[in-house]
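Here is the structure we will look at, set down as structure tokens.
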Amino acid sequence: MSELLVLIDHSDGAPKKLSLQMLSAAAGLADDADVSVSAVWLGAGASDAAATIGAHGATKLYHWDSEDAHGYVTLPQVEGLQAAIEASGADVVFFASTNHVKDVASRLAIRVGGGVITDVTGLRVEDGRFVATKEVFGGDMITTSRVADGHVQILGIANNAFPAQDAGGDAPELVALDVDLSEAATAAKVVSVEKQVSADRPDIAEAAVVVAGGRGLGNEDGFQLMEQLADVLGAGVGA
Numbered sequence: 211m212s213e214l215l216v217l218i219d220h221s222d223g224a225p226k227k228l229s230l231q232m233l234s235a236a237a238g239l240a241d242d243a244d245v246s247v248s249a250v251w252l253g254a255g256a257s258d259a260a261a262t263i264g265a266h267g268a269t270k271l272y273h274w275d276s277e278d279a280h281g282y283v284t285l286p287q288v289e290g291l292q293a294a295i296e297a298s299g300a301d302v303v304f305f306a307s308t309n310h311v312k313d314v315a316s317r318l319a320i321r322v323g324g325g326v327i328t329d330v331t332g333l334r335v336e337d338g339r340f341v342a343t344k345e346v347f348g349g350d351m352i353t354t355s356r357v358a359d360g361h362v363q364i365l366g367i368a369n370n371a372f373p374a375q376d377a378g379g380d381a382p383e384l385v386a387l388d389v390d391l392s393e394a395a396t397a398a399k400v401v402s403v404e405k406q407v408s409a410d411r412p413d414i415a416e417a418a419v420v421v422a423g424g425r426g427l428g429n430e431d432g433f434q435l436m437e438q439l440a441d442v443l444g445a446g447v448g449a
């Protein structure tokens, strides 16, 4: 049985909501695709998150516990994920369809001969291959796509396209990755990271509730009222 890899997007030592959604989606399709679900964690903290990852469907967790995973720009994550593909023999990868990880996925595709489909909102399996649907032109159209046979399927999953379901799975097998970074991977170093999220308000991508406002609010005072409502509800803020 081949493996399907889910690249875990994480923050402060915990998987982001979208990562748990991807694991649940993969687990729900595993039998149809005849694959086992494995997760990939780049950076420190994999062992602490293993129980949560296993509960959402992963039976194996590849991890690279190095500060280099996020200490440089993009390429270390590409090479870490490439190492996971080579170690597992996987020909399917799910990733969070965010701007940063799209950059990782596109570079990975060139290295492994893969095809990338981003912003996926629906999945099914036909003849052992994943068929993906996504909205385009602001939802005016829905496209159906699949990666050509013989190429690694690299699929970017949209936020909240699938529910995260704790299936009570066992803790996954931990597999350490040996990643020998290229010289190019360390050419651009991350100097600092500053979060721009206000106070304790949740990120809009992670929030269960979002309060959004537009021109009808009139001015800054109107938006302040909206923010006060969001704080009462524990919601994210959009505009």
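For the sequence shown, the working numbering gives the first residue as 211, with consecutive numbering after it.
All C-beta atoms, glycine included, are put in the ideal place defined by N, C-alpha and C.
Since the model is a prediction, treat every value here as computed from it, not as a measurement.
- Message: For the pair the region 320 to 340 and the region 381 to 394, tell me if three or more CB-CB distances fall below 8 Å.
- Response: The region 320 to 340, when compared against the region 381 to 394, does not touch it at the 8 Å Cβ threshold.
- Query: Would a C-beta distance cut-off of 8 Å place alanine 342 and valine 330 closer than the cut-off?
  - Reply: Alanine 342 places its beta carbon less than 8 Å from that of valine 330.
- Query: The alpha helix (DSSP H) with lysine 312 in it runs from where to where?
  - Reply: That run of the alpha helix (DSSP H) goes 309 to 322.
- Item | Range of the contiguous alpha helix (DSSP H) that encloses isoleucine 263 | If you look at isoleucine 263, you'll find it in the alpha helix (DSSP H) that goes 256 to 265.
- Using the beta-carbon count (16 or more within 10 Å), is proline 373 buried or exposed? Proline 373 is exposed by the Cβ-count criterion.
- Query: Below 8 Å between beta carbons: does that hold for leucine 285 and leucine 318?
  - Reply: Taking 8 Å as the cut-off, the beta carbon of leucine 285 is found no closer than this to the beta carbon of leucine 318.
- Item | For tryptophan 251 and valine 401, the rounded distance between their alpha carbons | Valine 401 and tryptophan 251: Cα-Cα distance of roughly 22 Å.
- Message: Tell me the residue span of the beta strand (DSSP E) that contains alanine 422.
- Response: Alanine 422 -> beta strand (DSSP E) spans 420 to 422.
- Task: Taking 8 Å as the threshold, find out whether the region 288 to 305 comes into contact with the region 419 to 431 through three or more Cβ pairs.
- Result: Here the region 288 to 305 does not lie against the region 419 to 431, with fewer than 3 beta-carbon pairs under 8 Å apart.
- Task: Taking alanine 394 as the reference, give the member of Phe347, Asp278, Phe340, Ile364 with the closest Cα.
- Result: Of Phe347, Asp278, Phe340, Ile364, the residue nearest in Cα terms is Asp278.
- Query: Is the distance from the Cβ of histidine 475 to the Cβ of serine 234 below 8 Å?
  - Reply: In this structure the chain extends from 211 to 449, so residue 475 is not present and cannot be described.
- In chain order, what residues of the same chain have a beta carbon less than 7 Å from the beta carbon of alanine 445, not counting five sequence neighbours either side? Here the set comprises Ala417, Val419, Val420, Val421.
- Quick one: residues in its chain with C-beta nearer than 7 Å to the C-beta of alanine 236, no 5 flanking neighbours on either side, listed in chain order? Closer than 7 Å at Cβ, skipping near neighbours: Leu214, Val216, Val247, Gly267, Phe304.
- Message: Cutting at 8 Å between CB atoms, please list the residues of its own chain near aspartate 493, excluding the five before and the five after it.
- Response: Since the displayed the chain opens at 211 and closes at 449, residue 493 lies outside it and no answer follows.
- Taking C-alpha atoms, which residue in Ala224, Ala371, Ala240 lies nearest to glycine 253? Minimum Cα distance to glycine 253 is reached at Ala224.
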